[in-house]
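Going down the list, the sequences are from chains F and L.
The first sequence begins at 6 in this note's numbering and counts up by one.
The second sequence begins at 114 in this note's numbering and counts up by one.
Glycine included, C-beta positions come from ideal geometry on N, C-alpha and C.
Comments concern the structure below.
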Amino acid sequence: MMKQFAVHSSQFAVRSSQFTAKKMLFFFLLTTFYLLLSTFLYSCSPKKESLYRKTMILMDTLVTIHVVADSEKTADRAMTGAFEEIGKLDTLLNFFSDKSEVSMINRNAGSSGVRVSPETFEVIEKAVYASEKSGGAFDATVGPESSLWNFVTKVKPKDKAIREKLGLVNYKLIVLDQEKSTVELRKKGMIMDLGAIAKGYAADRAVGVLKRHGIKSGLVAVAGDIRAFGLKQDGKPWRVGIRNPRQKGEDDEILATIELRDMAISSSGDYERFFVIDGERFHHILDPRTGYPARSCQSVSVMAQDGASADSFSTAVFVLGPVKGMNLLQQMGFEGLIVDKEGKIHVTPGIKDKIEFKRNS
Amino acid sequence: MNLKETVNGTTLGDRLLFILLLLVSFTGIIFIKDVLPQSRDVTIEAEGKLTHRYPLDTDRRVEVGSPRGRFTVEIKDRKVRVTEASCPNKLCELQGWISRGVIICLPAGITVTVGGTEEQKDRKVDAITG
């Protein structure tokens, strides 16, 4: 009966006169065993690497860490360490906290230097470097000007007030003493705001912690300041979307995507904090040399080896505009994408082949 | 019947059938793990820990809180908003209705995220800069 069934129901079985019920059973059991074994190995193998992700609110923003690890425990330990590092930097560098070292420096402006932690000293050193290289287009002492604006209550300061504060914006008046580990602002009334470099620096430090925990691949995103290292568990590089500065709907959120491996990327845009008066857009990226919002770009994304550079130079390039900005990127050996005020896109030659533009943006 | 006899006794058809079954089992594993789409949902996290998860297509109001603040999350017509926030500046309320992305309440340390695995796969990105 079984033999008859086998002969009439399968083309393969027709050719096999020896295809018996016993053999079918044997193959069935073998396949079932294989299926169970492969499922077991797939789910229980201790060496299998998976992607783990965790999000926290730190530095007044959303911080997301992705790691590739062989167990949840390893991933958790590394991510917890990285979040703690970012939390520590938040305490040291928070512009809005009276207890931060940055606030101490600001309170002592014009009177004395303040002894700071190695992390605060390092990030200020990097800020001064970015200011020097950009000719002041990036300036961490822009605080007296940015304090005049309020993008929540839509306060545009009087022109006179903006002019009066300009004399207090000058990175050359930051005095760094390496030996004593002190920072001093020379003029009373100067205000240091590390908001345009601290998040990129925090991503760098967090990546350092992940690596010290033995993580070979990961991505740290402190809001839009992102640093990635290694390849994902599927062997592919990390892929980052660049936000469309003039998003109209759900389909055009991303302008382009780019692969990121052992690099950092940061963006500055006029769409993050802004208000409009009589059709004129006033946004939060101020030109330190004028005190008014920089006008030449809609958004700038910069790729560099480290997050602090990507973060600070995205602001600098935004302020400089597409022509001078492109020159600065090439001079620094960075890659970047600039959307100018007309919406025209400029890309450095090094990433032309790596960037993929979305059709609906 | 030993293994050698069994293998020798098989035809090309038997072996092809066997390979086919192996392929089906492989595909099944990958399909279940990675391909099966998941619907878009609303996740609420406090201090990095998941506290609530709801489908976006079911209307509801949920009171959410942490030791640092409270607010209400309203899900309606596949959109989400925050209302009745206890914080002074109410920036989370100003964000209005969203159907994708995140509403962050800084004082309470709570995030409300709209999106799921399906959405991330659609966008094919691990993070967004800007």
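| Check | Outcome |
| --- | --- |
| Buried or exposed (CB count within 10 angstroms, at least 16 for buried), Ser116/F | exposed |
| Met182/F in three-state terms, based on DSSP | A quick correction: the sequence has Asp, not Met, at residue 182/F. Note: Asp182/F maps to strand in three-state DSSP. |
| Buried or exposed by the 16-neighbour rule on C-beta atoms within 10 Å, applied to Val137/L | exposed |
| 7 Å CB neighbourhood of Glu90/F in its chain, flanking five on each side removed | Arg210, Ala211, Val214 |
| Contacts around Gly355/F, its chain only, beta-carbon distance under 6 Å, and the 5 residues preceding and following it disregarded | Glu340 |
| Coarse secondary structure for Phe100/F, derived from DSSP in three states | coil |
| Close Cβ partners of Val133/F (< 8 Å) along its chain, the five nearest in sequence each way excluded | Ala145, Tyr176, Ile179, Leu181 |
| Neighbour-count burial assignment, Ile217/L, 16 or more Cβ in a 10 Å radius | buried |
| Top-ranked residue by Cα proximity to Ala198/L, from Leu116/L, Glu176/L, Lys189/L | Glu176/L |
| Element boundaries [beta strand (DSSP E), containing Lys192/L] | 192 to 196 |
| Proximal residues of chain F, C-beta to C-beta of Phe184/L below 7 Å | Under the 7 Å cutoff, chain F gives no residues; its nearest Cβ is about 14 Å from Phe184/L. |
| Buried versus exposed call for Glu137/F [16 or more other C-beta atoms within 10 Å across all chains shown] | exposed |
| Interface residues of chain F facing Thr224/L [CB-CB closer than 8 Å] | Thr60, Ile62, Leu67 |
| Interface residues of chain F facing Arg213/L [CB-CB closer than 9 Å] | Glu255, Glu258 |
| Contact set between Lys237/L and chain F, taken where Cβ atoms lie within less than 8 Å | Arg244, Thr262 |
| Where the alpha helix (DSSP H) through Ser112/F begins and ends | At residue 112/F the sequence reads Arg, which differs from the Ser that was named. 106 to 112 is the span of the alpha helix (DSSP H), which, as asked, contains Arg112/F. |
| C-alpha distance - Tyr297/F paired with Asp164/F, whole-angstrom precision | 9 Å |
| Cα-Cα separation between Ser455/F and Leu42/F, rounded to whole angstroms | Past the edges of chain F, shown from 6 to 366, lies residue 455/F, and the structure says nothing about it. |
| Sequence-distant residues of its chain with Cβ nearer than 6 Å to Gly235/F (five each side left out) | Lys221, Ser222 |
| Beta-carbon proximity of Gly205/F to Ala321/F, cut-off 8 Å | no |
| Closest by C-alpha distance to Gly254/F, when choosing among Ser212/L, Ile223/L, Ala240/L, Asn202/L | Ser212/L |
| Whole-angstrom distance between Arg181/L and Lys162/L, CA atom to CA atom | 15 Å |
| Any C-beta of chain L under 8 Å from that of Thr36/F | yes |
| Extent of the continuous alpha helix (DSSP H) to which Tyr206/F belongs | 203 to 217 |
| Neighbouring residues, chain F, relative to Thr119/L (Cβ below 8 Å) | Lys28, Phe31 |
| Leu199/F (DSSP reduced to helix, strand or coil) | coil |
| Three-state secondary structure assigned by DSSP to Arg278/F | coil |
| Local Cβ density within 10 Å of Lys8/F, reported as buried at 16 or more and exposed below that | Residue placement at Lys8/F is poorly supported in this model, since its pLDDT is 47, which falls under 50; the coordinates are not used for a value here. |
| Reference Lys349/F; option with closest CA among Ala207/F, Gln336/F, Lys357/F, Cys302/F | Cys302/F |
| Cutoff 8 Å: Ser306/F Cβ touching any chain L Cβ | yes |
| Cutoff 8 Å: Thr164/L Cβ touching any chain F Cβ | no |
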